[in-house]
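Asks:
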Amino acid sequence: MPDYNLRLIIPEIFLFLWALFIIAFDLGTKRKNPKLIGYLTMGGIAATAVLLYLYHGGISFNNMFKSDPLALFFKVIFLGSAFMAVGSSFDIIAQKIKNHRGEFFGLVLFSTVGMMFLASAGELISLYIGLELTTIPLFILAAYYKDDRISVEAGLKYLVIGAFSSAILLYGLSLLYGLSGTTDIVMMKINLALLYLNTNGIGWALLMAIVMVLAGIGFKLALVPFHMWAPDVYQGAPTPITALLSVGSKAAGVVAFMRIFIDGLYGFADAVMFPLDWGNIVAVLAAAAMILGNISALRQKNIKRMLAYSSIAQIGYVMVGMVAVSELGVGSVGYYMFIYLFANMGAFAVATIFNDNTGSDSIASYAGLSKSSPMISAFMAIFLLSLAGIPPLAGFAAKFFVFAAGIQAGYTWLVILALLTAVVSLYYYANVIKMMYFAPDNPTIKLNTPLSANIVLIIGVAGLIIFGVYPEPILNFALDTARVFGF
Amino acid sequence: MLDLIIFYFAAVIAVGAAVMMIMQRNPVASVLYLVVSLVAQAILYVQLNALFVGALLIIIYTGAILVLFLFVIMLLNLRGEHFGGKQSRMGRASKIAITVILFAEMVAIFKQVAIPERIGTQAAAVAEDFGSVEMVASHLFKEYLYPFELTSILLLVAIVGAVVLAKRDKTEKMEDA
């Protein structure tokens with residue numbers, strides 16, 4: 001009989017029930033209290049974090065649910081991104097969404113539950129279902145402005161691409177199952193090695209499985225060449241949902257990548273399966289992502305599209321750490337995603353506030369913002385400079401560790417390319433700052449921020465400054481996650 | 488021998504109907520060809536001792552999902568001309584190229600992997616009750632209980648999402664009245 005240790009999934013069950021409660025509460029109060037349900041949602045996420053602290057560590061459901069340091073670390077990122085997304089969506093809820101307010105928050109929580117299940121998956125089927133549970137609520141949320149053509153188009157595009165990529169991923173996973181005879185990721189590694197020894201080569205089939213799984217997860221990560229959907233979806237979706245897509249759902253893709261590739265397909269990559277080393281394939285994709293993301297971002301006039309291309313480039317940097325497949329590599333990827341959470345959620349929160357007040361997303365309309373709203377302009381500058389990797393902000397440390405891991409693993413060409421593209425990225429990040437500080441005044445702008453959005457901004461800035469000056473606690477936690485893979 | 492005849496019979500129908508399905512311009516005919524293909528595939532599953540999977544294929548896919556397809560097609564009154572005019576030469580060429588590449592990969596895989604004596608362990612005889620309802624149920628509710636329960640959350644999310652997207656907003660209703 002398998003062991004069902006239900007204590008370990010208490011945080012997930014709580015968050016799921018809380019999502020149901022939010023929807024029911026909103027219906028029960030006749031949708032009259034948008035602020036109250038917003039704060040209740042944020043409270044529920046905070047309570048889940050406490051429960052996560054109380055109940056973690058161990059394995060349940062026959063190895064299918066692993067509550068290990070890796071899962072814990074990424075669950076903190078997911079909860080953080082959901083918290084900040086909910087916090088910055090109060091004005092949108094009050095102004096633009098008249099119906100289904102509870103469902104908006106409920107779906108954000110459902111998606112977060114999916115990410116949490118995904119992070120803990122020790123087996124392919126639960127990993128796949130976790131991934132679907134992450135993305136299906138996001139399809140709906142992307143199309144939440146039902147009267148807005150761009151939003152509906154974003155939802156539909158995301159749905160079609162998401163379903164397509166899931167099919168490819170499933171095909172790859174079924175090939176892995178066919179080759180190894182098991183869905184358990186650790187068993188899969190052992191069986192694939194045995195199969196190799198028995199048959200003296202499983203080259204083509206495994207290569208095809210790797211390529212398909214890589215493509216499937218690459219779509220979720222918006223890794224070049226699977227990125228086409230990202231700018232349109234990011235532009236059309238409600239901005240807090242864009243933020244959740246670019247941080248939470250991306251971190252979910254990163255952890256799925258780690259579970260399958262580092263845990264399941266790496267152990268014998270160098271010695272035995274040299275021609276199938278996925279590191280080189282991923283390194284090329286990372287290089288393409290950095291080049292294409294950064295160069296396309298230069299030409300964007302819309303802040304959400306600019307941030308979309310910037311997030312394509314950022315995932316390229318993350319992959320530099322990933323291909324290192326070492327303690328430092330895994331640790332630096334975790335650290336990078338953690339810092340990315342503060343910087344990107346913060347930048348999108350500012351974009352949300354700006355759009356709520358002016359109705360515009362264009363970078364040109366940020367002109368002279370520093371005169372009328374000095375605090376928000378300063379915050380935006382900090383977020384963008386951190387994304388660009390300027391010291392002493394945390395984005396610098398994050399890039400530094402990722403590049404160090406890349407060099408340590410011998411991917412020097414990739415790191416040099418990353419450094420060059422990082423210089424390019426500085427241009428478009430600085431362009432927004434230039435607009436805010438040095439462009440002529442635009443007298444009409446006066447930004448009002450709700451309390452919850454201020455909380456989000458302060459969390460973002462505090463995270464970037466504190467962890468930039470003092471990265472040790474998070475870095476040690478991130479390096480600790482690498483123990484999962486036995487480095 | 489009879490097994491082999493049935494296998495080839497079903498396999499040819501399955502592949503042939505699938506090809507016919509994508510050649511049709513009339514969507515209703517397409518769906519009907521897909522039904523034929525799925526029934527033939529169900530026969531293949533039954534031959535593989537996977538009786539339950541075969542039955543599911545007929546009950547769920549042909550019985551429920553494809554009938555739903557038919558309803559949608561008829562409700563929307565879709566016809567062949569709704570699916571675009573002539574394809575560009577590039578578009579057609581790239582589709583054919585992708586199909587050929589995928590097919591070649593499949594052949595390469597099966598040449599390398601699917602020969603039982605090269606796999607060794609996987610050619611072992613299956614258990615007596617392999618593929619029976621009891622066996623599937625015991626796997627589903629014991630070993631794979633956790634992902635099975637997760638799918639229930641997934642279904643709930645889909646229902647909530649469908650209501651959110653499909654329900655008419657209150658403000659619109661007032662305008663209508």
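Line order of the protein sequences matches chains A and B. For the first sequence, position 286 matches number 286 in this note's numbering, and the numbering has no gaps at all. One gets this note's numbering by counting positions in the second sequence from 1 and adding 487 to each. Beta carbons: idealized from backbone N, C-alpha and C, even for Gly.
Which residues, in chain order, does the stretch 204–226 of chain A contribute to contact with chain B at a C-beta distance below 7 angstroms?
Replies: Listed in sequence order: W204, A205 and M208.
Asks: In whole angstroms, what separates the C-alpha of I93 of chain A from that of G264 of chain A?
Replies: Going by the C-alpha atoms only, they are around 42 angstroms apart.
Asks: How far does the alpha helix (DSSP H) with I474 of chain A in it reach, from first residue to last?
Replies: Unbroken alpha helix (DSSP H) run through I474 of chain A: E472 to T481.
Asks: Using a C-beta cutoff of 8 angstroms, does T638 of chain B count as contacting chain A?
Replies: Yes, its Cβ sits closer than 8 angstroms to a Cβ of chain A.
Asks: Within a Cβ cutoff of 7 angstroms, which residues of the same chain sit near D26 of chain A, ignoring the five residues on either side of it in sequence?
Replies: The answer, listed in chain order, is I37, R101 and G102.
Asks: Can you name the start and end residues of the beta strand (DSSP E) that I22 of chain A belongs to?
Replies: Here I22 of chain A belongs to no beta strand (DSSP E); instead the alpha helix (DSSP H) covers I10 to G28.
Asks: Just how far apart, CA to CA, sit G87 of chain A and V282 of chain A?
Replies: Rounded to whole angstroms, G87 of chain A to V282 of chain A spans 35 angstroms at the Cα level.
Asks: So, is E123 of chain A buried or exposed, given that buried needs 16 or more other C-beta atoms within 10 angstroms?
Replies: By the neighbour-count rule (16 or more Cβ atoms within 10 Å), E123 of chain A is buried.
Asks: Would you verify that the beta carbon of H56 of chain A is, or is not, closer than 8 angstroms to some beta carbon of chain B?
Replies: So, not an interface residue.
Asks: For the beta strand (DSSP E) containing G58 of chain A, list its first residue and its last residue.
Replies: G58 to S60 is the extent of the beta strand (DSSP E) around G58 of chain A.
Asks: Give me the chain A residues within the contact set of G618 of chain B, using Cβ-Cβ distance strictly less than 7 angstroms, ordered along the chain.
Replies: The premise fails here: G618 of chain B is roughly 16 angstroms from chain A at the closest Cβ pair, so nothing lies under 7 angstroms.
Asks: Would you say the beta carbon of A308 of chain A is closer than 7 angstroms to some non-hydrogen atom of the ligand SAH?
Replies: Questions concerning the ligand SAH fall outside what the structure shown contains, since it holds no ligand whatsoever.
Asks: Here's the rule I'm using: 16 or more other beta-carbon atoms within 10 Å means buried, otherwise exposed. How should Y317 of chain A be labelled?
Replies: Counting Cβ neighbours within 10 Å, Y317 of chain A comes out buried, since at least 16 surround it.
Asks: Along the chain, where does the beta strand (DSSP E) that runs through F65 of chain A open and close?
Replies: Start and end: F65 to S67.
Asks: Chain B beta carbons: is any one of them nearer than 8 angstroms to that of L51 of chain A?
Replies: No, L51 of chain A lies away from the interface with chain B (no Cβ there is under 8 angstroms from its Cβ).
Asks: Counting only beta-carbon atoms, is A624 of chain B nearer than 8 angstroms to chain A?
Replies: For A624 of chain B, the answer is no, since every Cβ of chain A falls outside 8 angstroms of its Cβ.
Asks: Contact between the stretch 322–334 of chain A and the stretch 369–385 of chain A: three or more CB pairs below 8 angstroms?
Replies: With the cut-off at 8 angstroms, the stretch 322–334 of chain A and the stretch 369–385 of chain A do not touch.
Asks: With contact counted as at least three CB pairs below 8 angstroms, one residue from each stretch, are the stretch 176–193 of chain A and the stretch 243–257 of chain A in contact?
Replies: No contact exists between the stretch 176–193 of chain A and the stretch 243–257 of chain A.
Asks: Would you mind telling me which residues of chain B sit closer than 7 angstroms to E132 of chain A, beta carbon to beta carbon, in chain order?
Replies: What E132 of chain A touches in chain B: L641.
Asks: Would a C-beta distance cut-off of 8 angstroms place A143 of chain A and L223 of chain A closer than the cut-off?
Replies: No, the Cβ-Cβ distance between A143 of chain A and L223 of chain A is not below 8 angstroms.
Asks: Is the Cβ of I281 of chain A closer than 8 angstroms to any Cβ of chain B?
Replies: Not closer than 8 angstroms to any Cβ of chain B, the Cβ of I281 of chain A fails to qualify, so no.
Asks: Between the stretch 132–146 of chain A and the stretch 203–215 of chain A, can you find at least three pairs of beta-carbon atoms closer than 8 angstroms?
Replies: No, they do not touch.
Asks: Go ahead and label P440 of chain A buried or exposed: buried means 16 or more other beta carbons lie within 10 angstroms of its beta carbon, across all protein chains shown.
Replies: Exposed is the call here.
Asks: Along the chain, where does the alpha helix (DSSP H) that runs through T183 of chain A open and close?
Replies: Segment: none, T183 of chain A is in no alpha helix (DSSP H) and carries neither H nor E.
Asks: Is L8 of chain A closer than 8 angstroms to S89 of chain A when the C-beta atoms are compared?
Replies: For S89 of chain A and L8 of chain A, no; Cβs fall outside 8 angstroms.
Asks: Would you kindly check if the distance between the Cβ of I339 of chain A and the Cβ of F467 of chain A is under 8 angstroms?
Replies: Yes, Cβ-Cβ distance for F467 of chain A and I339 of chain A is below 8 angstroms.
Asks: Can you tell me whether T481 of chain A is buried or exposed? The criterion is at least 16 other CB atoms within 10 Å of its CB, across all chains shown.
Replies: Looking at its Cβ environment, which holds 16 or more other Cβ atoms inside 10 Å, T481 of chain A is buried.
Asks: Spell out the partners DSSP gives A121 of chain A in its beta bridges.
Replies: A:F65, per the DSSP bridge assignment.
Asks: Answer with buried or exposed for S575 of chain B, where buried requires no fewer than 16 other C-beta atoms within 10 angstroms of its C-beta.
Replies: When all chains shown are included, S575 of chain B counts as exposed.
Asks: Can you tell me whether P392 of chain A is buried or exposed, with buried defined as 16 or more other CB within 10 angstroms of its CB?
Replies: Exposed: under 16 other Cβ atoms inside 10 Å.
Asks: Express the C-alpha separation of I530 of chain B and A271 of chain A in angstroms, rounding to a whole number.
Replies: Summary for A271 of chain A: the model assigns pLDDT 49, below 50, so the residue's position carries little reliability, and this model does not support an answer.
Asks: Could you list which residues in chain B have their beta carbon closer than 9 angstroms to that of L503 of chain A, in chain order?
Replies: It is not possible to answer for residue 503 of chain A, since the shown part of chain A is limited to 1 through 487.
Asks: Find the residues of chain A that neighbour I693 of chain B, judging by a C-beta separation of less than 7 angstroms, and give them in chain order.
Replies: Outside the displayed span of chain B (488 to 664) sits residue 693 of chain B, for which this structure offers no information.
Asks: To the nearest angstrom, how far is the alpha carbon of V431 of chain B from that of L632 of chain B?
Replies: Outside the modelled stretch of chain B, which goes from 488 to 664, sits residue 431 of chain B, for which no answer is possible.
Asks: Taking Cβ-Cβ distances shorter than 8 angstroms, what residues in chain A pair up with E592 of chain B?
Replies: The answer, in chain order, is W204 and M208.
Asks: Report the residue from B:V620, B:L563 and B:V522 whose alpha carbon sits nearest the alpha carbon of E549 of chain B.
Replies: It should be noted that the sequence gives Thr, not Glu, for residue 549 of chain B. Of the candidates B:V620, B:L563 and B:V522, the one whose C-alpha sits nearest the C-alpha of T549 of chain B is B:V522.
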